[in-house]
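Okay, so here's the structure we're looking at.
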Amino acid sequence: MKRKRYSWLSYVSFGLGIVLFLHPLFINIFPRYFMSIQLIGITLTILFSILALLKKSEKKLLASMGLIFGIMMMFYAGILLYISFNKYSPI
Numbered sequence: 001m002k003r004k005r006y007s008w009l010s011y012v013s014f015g016l017g018i019v020l021f022l023h024p025l026f027i028n029i030f031p032r033y034f035m036s037i038q039l040i041g042i043t044l045t046i047l048f049s050i051l052a053l054l055k056k057s058e059k060k061l062l063a064s065m066g067l068i069f070g071i072m073m074m075f076y077a078g079i080l081l082y083i084s085f086n087k088y089s090p091i
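Structure below.
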């Protein structure tokens, strides 16, 4: 029986999840492209996490944490979009 290990998919999904989670702290660096960076990053994070979770010979911890970060940021971006497009929004 083969030992389970982390592959590059797990590391990439976890790393992208951390970068997405910390990206709002550095919003002053790229304020114009904030939502596009978030949406592309969320899509890639969730895609890599699901691919890593479907592999049988892979540990699941980093991929599941990356998936959790991606889903949290998806809700965060959704709330930002809802607030900015709401007709009663003061923004």
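Each residue of the sequence shown is one higher than the one before, starting from 1 at the first, in this note's numbering. Virtual Cβ for every residue (Gly too), placed ideally from N, Cα, C. Every value quoted in this text rests on a predicted model; they were computed, and no experiment measured them.
- The continuous alpha helix (DSSP H) containing Tyr11 extends over residues Trp8 to Leu22.
- Counting every other CB atom within 10 Å of its CB across the protein chains shown gives Met73 a total of 16 or more, marking it as buried.
- With respect to Leu20, Phe69 sits close: the two C-beta atoms are nearer than 8 Å.
- By a beta-carbon distance limit of 8 Å, Ala52 contacts Leu9. Their separation comes to about 4 Å.
- Contact between Gly78 and Leu16 is absent: CB atoms are separated by about 18 Å, not below the 8 Å threshold.
- The Cβ atoms of Glu58 and Ser7 lie closer than 8 Å to each other.
- Per DSSP, the unbroken alpha helix (DSSP H) holding Leu53 starts and ends at Phe34 to Leu54.
- About 6 Å separates the beta carbons of Phe34 and Ile27, which is inside the 8 Å limit, making them a contact pair.
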